[in-house]
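Start counting the sequence shown at 1; every next residue gets the next number (our numbering). Every residue, glycine too, gets a C-beta built ideally from N, C-alpha and C.
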Amino acid sequence: MDLTGLHLLLTYQCTLQCDHCFVFGGPWQEGTMSLDVIENILQQGKKLGTVNTIYFEGGEPFLYYPTLLRGVEMAYEMGYNVGLVSNGFWGISEEDAFRALSPMQGKVSMLSLSCDQYHWDNRFEEYIANIEKVAEELGINTGVITIAQPEAADAPKSSGTIPTGESQVMFRGRAAVELTDNVNLFPWDKFDSCPHEDFIDPGRIHIDPLGYLHICQGITIGNLLEKPLDQIWADYDAHTHPITSPMLKGGPSELARKYGAEHAEEYADACHLCFKVRESLRDKFPVELGPDQMYIEFD
Ligand code: SF4
Numbered sequence: 001m002d003l004t005g006l007h008l009l010l011t012y013q014c015t016l017q018c019d020h021c022f023v024f025g026g027p028w029q030e031g032t033m034s035l036d037v038i039e040n041i042l043q044q045g046k047k048l049g050t051v052n053t054i055y056f057e058g059g060e061p062f063l064y065y066p067t068l069l070r071g072v073e074m075a076y077e078m079g080y081n082v083g084l085v086s087n088g089f090w091g092i093s094e095e096d097a098f099r100a101l102s103p104m105q106g107k108v109s110m111l112s113l114s115c116d117q118y119h120w121d122n123r124f125e126e127y128i129a130n131i132e133k134v135a136e137e138l139g140i141n142t143g144v145i146t147i148a149q150p151e152a153a154d155a156p157k158s159s160g161t162i163p164t165g166e167s168q169v170m171f172r173g174r175a176a177v178e179l180t181d182n183v184n185l186f187p188w189d190k191f192d193s194c195p196h197e198d199f200i201d202p203g204r205i206h207i208d209p210l211g212y213l214h215i216c217q218g219i220t221i222g223n224l225l226e227k228p229l230d231q232i233w234a235d236y237d238a239h240t241h242p243i244t245s246p247m248l249k250g251g252p253s254e255l256a257r258k259y260g261a262e263h264a265e266e267y268a269d270a271c272h273l274c275f276k277v278r279e280s281l282r283d284k285f286p287v288e289l290g291p292d293q294m295y296i297e298f299d
């Protein structure tokens, strides 16, 4: 199994506090990567030998622009393909967008922009349009990620990294808390597999500002500030990890069954059950089910 992509959550902080956010991003969240941590991760990626792509995301990575810019430069200089994910709050005018993006020209190959009804107000559409126009002039590819409203059951489903274009909301993180009131619910034991993540050969992994590697947001397989990435990766076995092992056998319903977790009778989707069960198991697995930023609102 080759790990080819590292997705760095540059910060847990965000300008917004969207209901559908997987990671409880918001203005009061804590945790931002310093440049030496970014450099350390990039070097560890090189040492692993299979990583070719680095994404900077969050939270909102443009909140820490000097750190983001230097991180992009370092990743590019080390030979990685570099991508960014942003909510576009900085595209106030074409000139603002140009000032932010032009130093990254030739270094960033993909800029994914989140734009949907969860994000602020209509100004965001204008900001995204400014950024798309400038990015095209600079030769930076863009794609817009749009998450459908919770009731839109006919929106396309996604798997792994959220695709550009419209896709269904996944009820994990803040979405599991904020968006499940008026949606259809289904029996808990129907959710007998994870529909989104490949635990055995994930291809890409998220790394948060505290150093944790997340196989899915809130399920950690190690901390690369404590143990080198190549060792964590060599030691990781989805069949013995206490969370992914039952998930592989029977999804979130098996996770609940194996550890006798209390649960309701019905859930919106597999992620909803998974998140709620994991939340209830955090005392038992404080490292594998962390950190707080993936489970708790900071305000
Ligand atoms: S079912 Fe659980 S592990 Fe799978 S994508 Fe949803 S939240 Fe992540």
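Using only CA atoms, which one of 54, 32, 63, 62 lies nearest to residue 76?
54
Return helix, strand or coil for residue 62, following the three-state DSSP convention.
helix
Could you check whether residue 131 and residue 83 sit closer than 8 Å to each other, using their CB atoms as the reference points?
no
How about residue 213 and residue 224: are their beta carbons less than 8 Å apart?
yes
Would you say the beta carbon of residue 186 is closer than 7 Å to some non-hydrogen atom of ligand 1?
no
Classification of residue 174 by the beta-carbon crowding that lies within 10 angstroms, buried from 16 upward:
buried
Closer than 7 Å: residue 216 CB and nearest ligand 1 heavy atom:
yes
On the DSSP letters alone, give me the boundaries of the alpha helix (DSSP H) that residue 94 sits inside.
94-101
Evaluate the contact criterion for the region 1-18 versus the region 259-273: three or more CB pairs, one atom per stretch, below 8 Å.
no
Skipping 5 residues on each side, what residues in its chain have a beta carbon closer than 7 Å to that of residue 259?
281, 284
Would you call the CB atoms of residue 62 and residue 34 closer than 8 Å?
no
Closest residue to residue 192 among 250, 241, 139 (Cα-Cα distance)
250
Distance, residue 295 Cα to residue 47 Cα:
31 Å
Less than 8 Å between the C-beta atoms of residue 265 and residue 188, yes or no?
yes
Helix, strand or coil for residue 110 per DSSP?
strand
Under the three-state reduction of DSSP, which class applies to residue 141: helix, strand or coil?
strand
Distance, Cα to Cα, residue 170 vs residue 40?
32 Å
Measure from the alpha carbon of residue 114 to the alpha carbon of each residue in 59, 67, 79, then state which is nearest.
59
Excluding the 5 residues flanking residue 74 on each side, which residues of the same chain have their C-beta closer than 7 Å to its C-beta?
38, 39, 42
Name the DSSP bridge partner or partners of residue 263?
Its beta-bridge partners do not exist; DSSP assigns none.
Closest Cα partner of residue 236 within the set 209, 200, 247:
200
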